[in-house]
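Quick notes on the structure that follows.
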Amino acid sequence: MSVLVILWAVGLTLQPDEMADSRAQCLVCHSGPGLTYADPDTLVRNLSVAAEAVFADWNAHRDVSCVECHLDLADPTDPRVAATGHVPDPIVPANELEQAIAKKRGPGSLAALRGCGECHPEQRDGWQRSIHARAIVESRVTGPGSAAPPTCVECHGAHEIRMGSDPQSPVSLHHSPALCMGCHADQRIVGTFQTSVHGQKHSLTGLDREVGVAVCASCHGAHEILGAGDPGSRLSLGIG
Ligand code: HEC
Ligand code: HEC
Ligand code: HEC
Ligand code: HEC
Ligand code: HEC
Ligand code: HEC
2 MSVLVILWAV GLTLQPDEMA DSRAQCLVCH SGPGLTYADP DTLVRNLSVA AEAVFADWNA
62 HRDVSCVECH LDLADPTDPR VAATGHVPDP IVPANELEQA IAKKRGPGSL AALRGCGECH
122 PEQRDGWQRS IHARAIVESR VTGPGSAAPP TCVECHGAHE IRMGSDPQSP VSLHHSPALC
182 MGCHADQRIV GTFQTSVHGQ KHSLTGLDRE VGVAVCASCH GAHEILGAGD PGSRLSLGIG
């Protein structure tokens, strides 16, 4: 695909004030479907970013630039960027969790996740103490139907993050049980939730926090989720 064709496509989808945004310079190459790149280790990655989602009203990060998350890449207005769009300045892992992320997902991914944490330190600190982060360090994937332990991206997404109050957000009250159950498909948990008063209220009332319906995160928390046997778990205090 020629660069000219891509430029033409971006010109059609971006408004004039958006073209003036430094992000437009990244989107010249990264917008549009089907842009993939095969790593030396043959992992094929999707490099397409939907330009219309980046600037959409519903996007919680519509005012956040690419390089505020992608901390390893220089601002496109930096003259050094002209040739390739990239001046990678790899992030050095600061602890065993970051080492595990850099190893499994690549240094670019570590940089972007560190970006999330710099603006949302409270959620980062909680998540870093969670069993989910611990499971990344220990490479644990257990049980039927379970998936790799989640970073921010598996729960929130990367480029299309909505406010939690938006009913379409995957962490909205309405959708978050499905998000958790997507990995915790263990029949005992799903069965318990669906037959419990909480699960029944879920289907009857459409999950309204004001009527006091408990979803998974009401009891377990969202970020600092600890294991059942952990004395620090909020559930070990006898809630539920
Ligand atoms: C001239 C075209 C071009 C421009 C401009 C461009 N990119 Fe890229 N980008 C690519 C290509 C091709 C790849 C895959 C090969 C590579 O990694 O160099 C890539 C890879 C990436 C990756 C994955 C790299 C990794 O190792 O994780 C990210 C993230 C990225 N670009 C973000 C950006 C951002 C942010 C900007 C603006 C600052 C930008 N790109 C500007 C072409 C471009
Ligand atoms: C709110 C933070 C955030 C913003 C803003 C952001 N990104 Fe990303 N981006 C991420 C995260 C997180 C990932 C996924 C890393 C992963 O899956 O491990 C990602 C992945 C990517 C990838 C794929 C790289 C890969 O290794 O899979 C590209 C390309 C990319 N972003 C380009 C951009 C461009 C271009 C912009 C600006 C238009 C942008 N990003 C804005 C956080 C962000
Ligand atoms: C440059 C700072 C910045 C970066 C980097 C950043 N965010 Fe945000 N984030 C914000 C701001 C500002 C808001 C909007 C807050 C508001 O309007 O109340 C927001 C909103 C959110 C929300 C919705 C909050 C709510 O109250 O429902 C989530 C979830 C979120 N960000 C997650 C992430 C994740 C995940 C990443 C990395 C992929 C990330 N953020 C990167 C600044 C940032
Ligand atoms: C296991 C899934 C999961 C992971 C991992 C996760 N979040 Fe969340 N996040 C949620 C849920 C669920 C909510 C909604 C919480 C609620 O309704 O009380 C939320 C809410 C948020 C909010 C809105 C404010 C708040 O605390 O309610 C922000 C900001 C946020 N997350 C950022 C992040 C960042 C940054 C990361 C990575 C360090 C991250 N999250 C990792 C599930 C997750
Ligand atoms: C009313 C509160 C409550 C709700 C709602 C709830 N849980 Fe639990 N959950 C608990 C308690 C209490 C335990 C036992 C913890 C312990 O032993 O310390 C538990 C245990 C677990 C465990 C560990 C099970 C094991 O095998 O040891 C997982 C995983 C879990 N819950 C996931 C979920 C998911 C996913 C949801 C939503 C679909 C959910 N929970 C909803 C209270 C709740
Ligand atoms: C992307 C997959 C994924 C998502 C999404 C996810 N989890 Fe997990 N979760 C895991 C993995 C993997 C573990 C670690 C399992 C292990 O170590 O045996 C885990 C562990 C847990 C545990 C501890 C279980 C134990 O044995 O004590 C609880 C509780 C838990 N998650 C609750 C949640 C809740 C609540 C949500 C939604 C807010 C959620 N998870 C979302 C994959 C996920």
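Under this note's numbering, think of the first position of the sequence shown as 2, with each following residue one higher. Cβ atoms here follow ideal geometry from the backbone N, Cα and C, with glycine treated the same way. Bear in mind that the values here come from a model prediction, so they are computed numbers and not experimental data.
Any chance the region 42 to 61 sits against the region 90 to 98, with 3 or more Cβ pairs inside 8 Å? At 8 Å Cβ cutoff, the stretches do not touch.
Please confirm whether any heavy atom of ligand 5 lies closer than 8 Å to the CB of P178. Answer for P178: yes, Cβ within range of ligand 5.
With 16 other Cβ atoms within 10 Å as the buried cut-off, status of I226: By the 10 Å Cβ count, I226 comes out buried.
Whose C-beta lies closer than 7 Å to the C-beta of G118 among residues of the same chain, with five residues either side of it excluded? Answer for G118: R125, listed in chain order.
Span of the alpha helix (DSSP H) around H185: Where H185 is concerned, there is no enclosing alpha helix (DSSP H), given that its DSSP letter is neither H nor E.
So, using beta-carbon positions, are C181 and C153 closer together than 9 Å? A distance of 9 Å or more separates the beta carbons of C181 and C153.
Start and end residues, alpha helix (DSSP H) containing A25: Unbroken alpha helix (DSSP H) run through A25: 24 to 31.
Heavy atom of ligand 7 less than 8 Å from the Cβ of H185, yes or no? With respect to small molecules bound, the structure shown includes ligand 1, ligand 2, ligand 3, ligand 4, ligand 5 and ligand 6 and not ligand 7.
Boundaries of the alpha helix (DSSP H) in which W59 is found, first to last residue: In the DSSP assignment, W59 falls outside any alpha helix (DSSP H) and carries neither an H nor an E.
Would you please state the rounded distance, in angstroms, between the beta carbons of V138 and L98? I believe it to be under 8 Å. Indeed they touch by this definition, with Cβ atoms about 6 Å apart.
With a CB to CB cut of under 6 Å and the five nearest residues on each side skipped, what residues in its chain are close to G222? Setting aside the 5 residues that flank it on each side, G222 has no residue in the same chain whose C-beta is closer than 6 Å to its C-beta.
Relative to ligand 2, is the shortest distance from any of its heavy atoms to the C-beta of H221 smaller than 8 Å? Annotation for H221 indicates a beta carbon at 8 Å or more from all heavy atoms of ligand 2.
Compute the distance between the beta-carbons of C184 and V172, then report whether it is under 9 Å. No, the Cβ-Cβ distance between C184 and V172 is not below 9 Å.
Buried or exposed for G239, going by 16 or more other Cβ atoms inside 10 Å? Only weak support is given to the placement of G239: the predicted model assigns it a pLDDT of 47, under 50, and the value that follows is read from those uncertain coordinates. So G239 ends up on the exposed side.
Can you pull the DSSP bridge partners for R235? Beta-bridge pairing links R235 to no other residue.
Could you check whether C27 and G86 sit closer than 9 Å to each other, using their CB atoms as the reference points? Going by C-beta atoms, G86 is nearer than 9 Å to C27.
Using a Cβ-based criterion (distance less than 8 Å to any ligand heavy atom), does S166 qualify as near ligand 2? Not one heavy atom of ligand 2 lies closer than 8 Å to the C-beta of S166.
Per DSSP, which one or two residues make a beta bridge with T78? Bridge partners of T78: none, in fact.
Given this structure, state the Cα-to-Cα distance separating H71 from R24, to the nearest angstrom. Going by the C-alpha atoms only, they are around 12 Å apart.
Taking the straight line between their C-alpha atoms, what separation do you get for A95 and A149? Between the alpha carbons of A95 and A149 lies a distance of about 22 Å.
Would you list the residues sitting across from T1 in a DSSP beta bridge? What is shown of the chain runs 2 to 241, which leaves residue 1 out entirely.
C-alpha gap between V68 and G109, whole angstroms: Their Cα atoms are separated by approximately 11 Å.
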